[in-house]
Amino acid sequence: MNIIDIFLYDTTWGFIFEIMIRCFVMFFLILIFLRLSGKRGIRQLSIFEVAIILSLGTAAGDPMIIDDVPIVQAFVVMSTIIILYRLVTWAMMKSEKIELWVEGKPLYIVEDGMMVIQDMKKEKYSHDEFFAEMRQQSVEHLGQVRVALLETDGCLSILFYTEQETKWGLPLFPKAYQKSVHLNTENYYSCMYCGMTQHLLHLEQECPRCHNKDWTESLSVPYIH
Numbered sequence: 002m003n004i005i006d007i008f009l010y011d012t013t014w015g016f017i018f019e020i021m022i023r024c025f026v027m028f029f030l031i032l033i034f035l036r037l038s039g040k041r042g043i044r045q046l047s048i049f050e051v052a053i054i055l056s057l058g059t060a061a062g063d064p065m066i067i068d069d070v071p072i073v074q075a076f077v078v079m080s081t082i083i084i085l086y087r088l089v090t091w092a093m094m095k096s097e098k099i100e101l102w103v104e105g106k107p108l109y110i111v112e113d114g115m116m117v118i119q120d121m122k123k124e125k126y127s128h129d130e131f132f133a134e135m136r137q138q139s140v141e142h143l144g145q146v147r148v149a150l151l152e153t154d155g156c157l158s159i160l161f162y163t164e165q166e167t168k169w170g171l172p173l174f175p176k177a178y179q180k181s182v183h184l185n186t187e188n189y190y191s192c193m194y195c196g197m198t199q200h201l202l203h204l205e206q207e208c209p210r211c212h213n214k215d216w217t218e219s220l221s222v223p224y225i226h
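Each number in the working numbering corresponds to the 1-based position in the sequence shown with 1 added.
Okay, structure coming up:
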């Protein structure tokens, strides 16, 4: 194979145009797929940035290992992706709706020590994943948390109650997060599904927020900064 074949091979203007079309289609398919998959798996990067990285990575990888993929085709792909990046960035600056569609928006996961179940469902955010995230930030129970926000990069931002403001709340560590089988009417109990916390008359009582009937004994330990 000569030098010309390495850079051009059998590339035609028609195929270059086809590559550009494929880039446009695949770029937006990647964006749509990542928007549908939620924020959890893209820590520290926005969905838009992940789409750019995936697109450029694929374009750069093929000509390195496939001998009939010339460098000029990868150059066309990468140039097209950069143009798309500039266009979408410009559109996001001009339109809040476009920015919202591409980047998404932060969602409230906890408010006033209770989980916002509707927003968790939107992001397909499981209780196990949520509990693990909170534990990694040294949260022992939801009574310590005033607000938890799921950011567009998939990370949690948390505002804590002061020591004096700390409430009774749903425990997040496995040994404490156990369904209660004996009732002490003097204790507080938390709904294991939404975190609603109250005194109970009996353990089969229905949660007024989510209608769940599983309760665990609450904790009230203040958050240690």
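A virtual CB, placed ideally from N, CA and C, is assigned to each residue, including glycine.
- A direct Cα-to-Cα measurement between K214 and Y194 gives close to 9 angstroms.
- Taking a cut-off of 8 angstroms on C-beta distances, the segment 154-166 does not touch the segment 194-209, as fewer than three cross pairs fall below it.
- Taking 8 angstroms as the cut-off, the beta carbon of L143 is found closer than this to the beta carbon of M115.
- Taking a contact as a CB-CB distance under 8 angstroms, the pair E164 and L220 does not count as one, their CB atoms being some 14 angstroms apart.
- Y109 is bridged by DSSP to L150.
- H142 is bridged by DSSP to P172.
- R136 sits close to L173, with the two beta carbons spaced by under 8 angstroms.
- Contact between L150 and I110 holds, with the beta-carbon distance rounding to 7 angstroms and staying under 8 angstroms.
- P175 sits exposed, since fewer than 16 C-beta atoms from the chains shown fall within 10 Å of its C-beta.
- At the C-beta level, C24 and T59 stay beyond 8 angstroms of one another.
- In summary, E134 is buried, with 16 or more beta-carbon neighbours lying within 10 Å of its beta-carbon over all protein chains present.
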